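In the working numbering, the protein residues as written are 2 to 130. Glycine residues also receive a C-beta, built at the ideal position from the N, C-alpha and C atoms. Just so it is clear, the structure is predicted and the values come from calculations on it, not from any experiment.
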Amino acid sequence: MADKRIFTAAQLAQHTHKDSLYVAIHGKVYDCSGFIDEHPGGEEVLLDEAGKDATESFEDVGHSDEARDIMSKLYVGEYQAGSGEKAKSTYASTPKPIPAADPVESGSKLQYVIALAVVAGAVLWKVIR
Ligand code: HEM
2 MADKRIFTAA QLAQHTHKDS LYVAIHGKVY DCSGFIDEHP GGEEVLLDEA GKDATESFED
62 VGHSDEARDI MSKLYVGEYQ AGSGEKAKST YASTPKPIPA ADPVESGSKL QYVIALAVVA
122 GAVLWKVIR
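Here it is as structure tokens:
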């Protein structure tokens, strides 16, 4: 396929009429205009999905291999939902803050250490005297 056309979401969204009806399924764009009257599922469902990514609804129906065969003849290009749109950030811009140690708890720990040192000092004083 030499001149594979790339469709953005905005470009796909321009084809929502019966005479120019495109849907995206699994990253590929299909022109259903000539097929809509023959679609065994009716035209209403195709019109509902027109100009959109119809992957989920297409798979929900559980289309047959025959349907996928027909699809390959309606193929007109690739779908790139992200292109031309603001790309979603894949990671958080601000790192999660590491929770600071509880000041009350660390304060009481210090008191405990000081008390221990005082007791140890007193015992030592008694011993060496
Ligand atoms: C290029 C796109 C499509 C093609 C070529 C296609 C083709 C077909 C074919 C051949 C059938 C007959 C049953 C089968 O063989 O699976 C069918 C049924 C059906 N299709 Fe599609 N279809 C397409 C897109 C869609 C989409 C986007 C929807 C959206 C919901 C849809 C909904 C249905 C429904 C509801 C049925 C009837 C199922 C039933 O009665 O059991 N189709 N389609």
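Residue i burial status per 10 Å Cβ neighbour count (16 or more: buried)
i: residue 55; result: buried
i: residue 52; result: buried
i: residue 18; result: exposed
i: residue 115; result: exposed
i: residue 117; result: exposed
i: residue 129; result: exposed
i: residue 16; result: buried
Heavy atom of ligand 1 within 8 angstroms of residue i beta-carbon
i: residue 77; result: no
i: residue 47; result: yes
i: residue 43; result: yes
i: residue 8; result: no
i: residue 64; result: yes
i: residue 21; result: no
Cβ-Cβ separation, residue j to residue i (assumed contact under 8 angstroms), whole Å
i: residue 37; j: residue 22; result: 6 angstroms
i: residue 48; j: residue 40; result: 10 angstroms between Cβ atoms; not a contact.
i: residue 42; j: residue 62; result: 7 angstroms
i: residue 10; j: residue 68; result: 24 angstroms between Cβ atoms; not a contact.
Cβ neighbours of residue i in the same chain (closer than 7 angstroms, five flanking residues each side left out)
i: residue 29; result: 76, 79 and 80
Other residues of its chain near residue i: CB distance less than 6 angstroms, five sequence neighbours each side excluded
i: residue 50; result: 24 and 58
i: residue 32; result: 23, 75 and 77
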